[in-house]
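> Numbering of the sequence shown is given in this note's numbering, commencing with residue 564 and proceeding in unit increments.
Just so you know, even glycine gets a beta-carbon here, dropped at the ideal spot from N, CA and C.
These figures come from a predicted structure and were not determined experimentally.
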Amino acid sequence: MPRNKSQDQIARDLEQTAWNLLVQSCPLLFRGRDSYGFECNSGWFDIIATLCHDIEKLIAEMPEIERFHEPQWGGEFMYGIAQVKEKYGTLRFYMHSEPDGAQDLIEAAEIASSKTCEFCGKPGEIRRLSWIRTLCDEDYEAIRPPPKE
Ligand SMILES: [Zn+2]
């Protein structure tokens, strides 16, 4: 059954709320922000949430003196988030500087994203047309141009 507009809006609002709660639950990684501009779709939410919480723990375990190094990059703290986005079909997760152990976690999340539909979170694979996205069969069929007759 097709959803009407208000149901779509409710779904989008709920997704935004989930992203905001994730940001607020990682105050070191996101430096006390209430929200953050994630440049990918919500199918990767679980992958990103797990990664953020694991990295938040790594930052929390760092010695204070190291953690709160002088602000750099225009007032941003060293061990804060720099950018989270989709690029060439997979997740990219950038920090200004990574705590020890974070690189392995980030790489594992990027690999997981290459097997997870960016739209819905179901198992997916990398699809190459004029764009590259990681999608499940259903979302790929819905988005790809019809085959030429
Ligand atoms: Zn999907």
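Which one or two residues does DSSP pair with Thr697 in a beta bridge?
For Thr697, which the question treats as bridged, DSSP gives the partners Ile689.
> From what residue to what residue does the beta strand (DSSP E) around Leu654 run?
653-658 is the extent of the beta strand (DSSP E) around Leu654.
> Comparing the CB of Leu668 with every heavy atom of ligand 1, is any distance shorter than 7 Å?
Leu668: no, Cβ never under 7 Å from ligand 1.
> For a quick check, are the C-beta atoms of His659 and Ala645 less than 8 Å apart?
Yes, the Cβ-Cβ distance between His659 and Ala645 is below 8 Å.
> For the alpha helix (DSSP H) that contains Glu649, what are its first and last residues?
No alpha helix (DSSP H) holds Glu649; the beta strand (DSSP E) holding it covers 644-650.
> Looking at the unbroken alpha helix (DSSP H) that takes in Ser569, where does it start and where does it end?
Note, Ser569: alpha helix (DSSP H), 568-587.
> Since I believe Arg696 is in contact with Glu681 (beta carbons under 8 Å), could you give me their beta-carbon distance rounded to a whole number of angstroms?
At roughly 6 Å, the Cβ-Cβ gap stays under 8 Å, so Glu681 and Arg696 are in contact.
> What is the rounded straight-line gap between the Cα of Lys685 and the Cα of Ile628?
Their backbone Cα atoms lie some 42 Å apart in a straight line.
> Which partner residues of Thr530 appear in the DSSP bridge assignment?
The question about residue 530 has no answer, for the chain in this structure spans 564 to 712.
> How far does the alpha helix (DSSP H) with Leu621 in it extend, from its first residue to its last?
Looking at the DSSP string, the run of the alpha helix (DSSP H) that includes Leu621 is 608-624.
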